[in-house]
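Be aware that the sequence shown starts at 1, since it is given in the numbering used here, and climbs by one per residue.
Heads up, the beta-carbon is just placed ideally off N, CA and C, and yes, glycines get one too.
All figures in this text were calculated on a predicted structure; none of them were measured in a lab.
Notes for the one structure printed next.
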Amino acid sequence: MIEIYKMKLPDFQDLNTVKLLSYVSAERVEKILRLFKNEDKSRALMSELLIRSIIVKKFAVNNEQILIHRNAYGKPYISLGRDFHYNISHSGEWVLCAISHAEIGIDIEEIRPIEYMEIAREFFSMKENDLLKGLTGPARLECFFELWTLKEAYIKAVGKGMGISLSSFTMSKNDSGDYICELFNYKPQNYQFQVMKISDSYIGAVCSSLPFKLADITSVDFRSCVQCLESSNS
1 MIEIYKMKLP DFQDLNTVKL LSYVSAERVE KILRLFKNED KSRALMSELL IRSIIVKKFA
61 VNNEQILIHR NAYGKPYISL GRDFHYNISH SGEWVLCAIS HAEIGIDIEE IRPIEYMEIA
121 REFFSMKEND LLKGLTGPAR LECFFELWTL KEAYIKAVGK GMGISLSSFT MSKNDSGDYI
181 CELFNYKPQN YQFQVMKISD SYIGAVCSSL PFKLADITSV DFRSCVQCLE SSNS
C-alpha cells in the first residue's frame, strides 16, 4: 500500500530556523545551509522534517534514531529493519511525500507558463512531443506537466538519478487509459503510475514497482509536524 502526504510550506520569515535545524542530522544541516536561496533552504528543511515526523508517528521511534542514508545515485533511504521505502518532492509552496513497502518515486510541479515546448523538444521522446503537438492552450500546458511529473517519478523510483535520461523512455497510455513506461524497444516496464491533483495550480505523479491503488492524500499541518518532533526529542 502507498501512502501520500502533503504539507504546505509556512512563510520562511516566520520560521525559527535554528530550532528546526536541530531536528535533522549535522550532515543534512550542512547541505541545507549551502543552498543559496532561502526558499530552497526552507523546502529542503521542511522535506526532511515531514518524513521524520511521519516515521516517528507510524513506527513509534525516536527522531534521533532515524538515520537517513543515500545510495550511489543520491536517492535517500532509511533502514528500519523492515521493507520501507520513501520519496519526497517539493515545488513552490508544497512538499509531497510517498511511503511504501516497495520502490517508490514521487514528483510535484507547479503548473506555470514556461517555454515548455522548448523543454519538451530537448528532454521528451518523439512520441511525447507528438502528443503535445496534438493539443493546444491549457490542455497542452497541463499535459506537459503531467508527463514531466510522471517521468521524474519514474526516474526517482528506479533510484538512478541523472543516470537515466528523460528522453530515453516514453510515457504513454495503454488501452485501459493507464500510464505505462516504454523504453525505445517499446517493451513496457513493470511500473505503475498515477497522476494527482494537489491543488488548483499543482500537479503530482507517483510511480511504484508494484501495483497499487492510491488512497486519499493526507494533509499534514506544519505545526503538528514540528510538535511531533518536539515530543520525540524530549
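Proximal residues to residue i (C-beta, below 7 Å), its chain only, five neighbours per side dropped
i      : result
Pro10  : Phe222
Cys228 : Ser53, Val56 and Lys57
Ser167 : Phe123, Phe124 and Ser125
Pro43  : Looking at the sequence itself, residue 43 is Arg, so the reference to Pro does not match. Answer for Arg43: Leu9, His90 and Val95, listed in chain order.
Inter-residue spacing [alpha-carbon to alpha-carbon] between residue i and residue j
i      : j      : result
Leu96  : Ile164 : 22 Å
Gly159 : Gly105 : 8 Å
Leu135 : Asn71  : 39 Å
Ile155 : Tyr191 : 11 Å
Tyr73  : Asn233 : 31 Å
Leu49  : Asp83  : 21 Å
Lys8   : Trp94  : 5 Å
Phe124 : Asp175 : 22 Å
Lys151 : Lys213 : 19 Å
Leu15  : Val29  : 15 Å
Ser172 : Glu64  : 43 Å
Lys133 : Ile114 : 16 Å
Leu20  : Gly137 : 42 Å
Residues near residue i in its chain [Cβ-Cβ closer than 6 Å; skip 5 each side]
i      : result
Glu3   : Ile99
Leu183 : Phe169
Asp130 : none
Ala139 : none
Lys127 : Thr170
Ser47  : Ile88, His90 and Val95
Lys41  : Ile32 and Leu35
Tyr77  : His69
Close beta carbons around residue i, own chain, < 8 Å, minus the five adjacent residues each side
i      : result
Ile203 : Ile108, Glu109, Ile111, Glu142, Phe145, Glu146, Thr149, Val195, Met196 and Lys197
Start-to-end residues for the beta strand (DSSP E) that takes in residue i
i      : result
Phe144 : Counting along the chain, Phe144 falls outside any beta strand (DSSP E), though it belongs to the alpha helix (DSSP H) covering Gly137 to Val158.
Val206 : Tyr202 to Ser208
Glu3   : Glu3 to Lys8
Ser172 : Phe169 to Lys173
Ser100 : Trp94 to Ser100
Arg70  : Ile68 to Arg70
First and last residue of the uninterrupted alpha helix (DSSP H) at residue i
i      : result
Lys19  : Thr17 to Leu21
Met196 : Unbroken run through Met196 is the beta strand (DSSP E), Gln192 to Ser199; no alpha helix (DSSP H).
Lys261 : Given that the chain is displayed from residue 1 to residue 234, the structure contains no residue 261 and the question cannot be resolved.
Arg112 : That residue, Arg112, is in no alpha helix (DSSP H); it is neither H nor E in DSSP.
Three-state class that DSSP yields for residue i in the structure shown
i      : result
Phe36  : coil
Arg82  : coil
Asp107 : strand
Glu182 : strand
Asn240 : As displayed, the chain neither begins before 1 nor continues past 234, which places residue 240 out of reach and without an answer.
Ile88  : strand
Burial state of residue i (16 or more Cβ within 10 Å)
i     : result
Phe36 : exposed
Ala60 : exposed
Val24 : buried
His69 : exposed
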